[in-house]
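A short write-up of the structure that comes next.
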Amino acid sequence: MTPTPSVLRVANCSGFFGDRLSAAEEMVSGGPIDVLTGDWLAELTMYILHKTRERSGGYARTFLRELEDVLPTCVERGITVVSNAGGLHPEGLAAAVRELARRQGVEVSVASVSGDDIRPRLDELRAAGAQVDVVEAYETVVPKKSRLRLRALMKNSERRPHIITFTSSSTAKNFVELLGNSNVGRQRWLKQIQLASIGPVTSATLRKLQLPVAIEAREFTMGGLIRAIVLARYAETAA
Numbered sequence: 001m002t003p004t005p006s007v008l009r010v011a012n013c014s015g016f017f018g019d020r021l022s023a024a025e026e027m028v029s030g031g032p033i034d035v036l037t038g039d040w041l042a043e044l045t046m047y048i049l050h051k052t053r054e055r056s057g058g059y060a061r062t063f064l065r066e067l068e069d070v071l072p073t074c075v076e077r078g079i080t081v082v083s084n085a086g087g088l089h090p091e092g093l094a095a096a097v098r099e100l101a102r103r104q105g106v107e108v109s110v111a112s113v114s115g116d117d118i119r120p121r122l123d124e125l126r127a128a129g130a131q132v133d134v135v136e137a138y139e140t141v142v143p144k145k146s147r148l149r150l151r152a153l154m155k156n157s158e159r160r161p162h163i164i165t166f167t168s169s170s171t172a173k174n175f176v177e178l179l180g181n182s183n184v185g186r187q188r189w190l191k192q193i194q195l196a197s198i199g200p201v202t203s204a205t206l207r208k209l210q211l212p213v214a215i216e217a218r219e220f221t222m223g224g225l226i227r228a229i230v231l232a233r234y235a236e237t238a239a
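Note that the sequence shown covers residues 1 to 239 in my numbering.
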């Protein structure tokens, strides 16, 4: 068993689905690291994987592309790779990683985690003899000061934004909650503001909340959203 290092050096190679493909190689070659991590998942990513499941296999294939560049080096240096790129089919990605390792002639141990919320089965697990501790690692919380700051911004005609971007359904719901329940007030504040959405799922949520979508990205990434905004503004000035 490899002894636990006194200092654990963790490098991250992805912050979203569509991040740059060179990041894994940059992290591995950029300095000594112990763990290489990558985050691929969000509501939008799950939607994309669902819509492209027959083609993508239900997991983020860009992870495999990045891993191909660094897997032999990671094995040689003992670097552990951790990611959530498995999406809708973690077992499928695990199998693809094993196949990649076989092609590259390296031996790897690959584990995948499946399943959603197992909290309803905690008593069952404890009864079977398992020791179970629940540690909340993530929670979406709207800062208490955000409501006052947002309303003050919207009321100030000189500081009111021209465009507001939304990158998930949660951002749309939280935005409405922060503005308050008055639809009349929302419509008055938003009259001169364009709402830009990262993709169709977020757009559907905005429309359900009675918020008009002026701009929607064709490529469901931050870069795609920025390009959509630039093109929309260019079209307005050219008209």
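Glycine included, each C-beta is placed from N, C-alpha and C at the ideal position.
Exercise. Does DSSP put residue 194 in a helix, in a strand, or in coil?
Worked result: Counting from 1 along the sequence shown, the entry for residue 194 is found at position 194. DSSP places residue 194 in strand when its eight states are reduced to three.
For this session: With DSSP collapsed to three states, give me the class of residue 216.
Result: The residue given as residue 216 occupies position 216 in the sequence shown. Strand.
Exercise. Residue ranges of each alpha helix (DSSP H) run of no fewer than 4 residues wholly in the segment 53 to 136, ordered along the chain?
Worked result: 53 to 56, 61 to 77, 90 to 104, 122 to 127
Exercise. So does the segment 72 to 86 actually touch the segment 221 to 236, counting three or more Cβ pairs closer than 8 Å?
Worked result: no
Problem set entry | Straight-line Cα distance separating residue 18 from residue 202 | For the purposes of this step, residue 202 is taken as the residue at position 202 of the sequence shown. For the purposes of this step, residue 18 is taken as the residue at position 18 of the sequence shown. Those two C-alpha atoms are separated by around 17 Å.
Exercise. Could you give the residue range of the alpha helix (DSSP H) that holds residue 175?
Worked result: Taking the sequence shown and counting its residues from 1, one reaches residue 175 at position 175. 169 to 179 is the span of the alpha helix (DSSP H), which, as asked, contains residue 175.
Exercise. Going by alpha carbons, who is nearest to residue 223 out of 11, 15, 7, 47?
Worked result: Translated into positions along the sequence shown, residue 223 becomes position 223. Of the listed residues, the one whose Cα sits closest to residue 223 is 15.
Problem set entry | residue 118 versus 101, 112, 134, residue with shortest Cα-Cα distance | The residue given as residue 118 occupies position 118 in the sequence shown. Nearest of 101, 112, 134 to residue 118, Cα basis: 134.
For this session: List the DSSP bridge partners of residue 164.
Result: Translated into the one-based positions of the sequence shown, residue 164 becomes position 164. 195, per the DSSP bridge assignment.
Exercise. Would you call residue 216 buried or exposed, if buried means 16 or more other Cβ atoms sit within 10 Å of its Cβ?
Worked result: As a working note, residue 216 is residue 216 in the sequence shown. Looking at its Cβ environment, which holds 16 or more other Cβ atoms inside 10 Å, residue 216 is buried.
Problem set entry | Three-state secondary structure assigned by DSSP to residue 141 | To locate residue 141, count along the sequence shown from 1; it is residue 141. It is coil, neither helix nor strand.
Exercise. Around the C-beta of residue 197, are 16 or more other C-beta atoms found within 10 angstroms, so that it is buried, or is it exposed?
Worked result: For the purposes of this step, residue 197 is identified with residue 197 of the sequence shown, where counting begins at 1. With 16 or more other Cβ atoms within 10 Å, it is buried.
Exercise. With 16 as the cutoff for other CB atoms within 10 Å, does residue 30 come out buried or exposed?
Worked result: Here residue 30 refers to the residue found at position 30 when the sequence shown is read from its first residue. With fewer than 16 other Cβ atoms within 10 Å, it is exposed.
For this session: Give the single residue among 111, 233, 13 whose Cα lies nearest to the Cα of residue 65.
Result: Here residue 65 is taken as the residue at index 65 of the sequence shown, counted from 1. Ranking the options by Cα distance to residue 65, first place goes to 13.
Exercise. Taking contact to mean at least 3 C-beta pairs separated by less than 8 Å, is the segment 157 to 175 in contact with the segment 207 to 216?
Worked result: yes
For this session: Can you tell me which of the three DSSP states residue 35 falls into?
Result: Sequence index remark: in the sequence shown, residue 35 carries index 35 (1-based). Note: residue 35 maps to strand in three-state DSSP.
Exercise. How would you call residue 8, buried or exposed, if buried means at least 16 neighbouring beta carbons within 10 angstroms?
Worked result: Stepping through the sequence shown from its first residue, residue 8 is reached at position 8. That one is exposed.
For this session: Over the uninterrupted beta strand (DSSP E) stretch that includes residue 10, give me the two end residues.
Result: As a first step, residue 10 must be located in the sequence shown, where it is residue number 10. Here the beta strand (DSSP E) through residue 10 covers 10 to 12.
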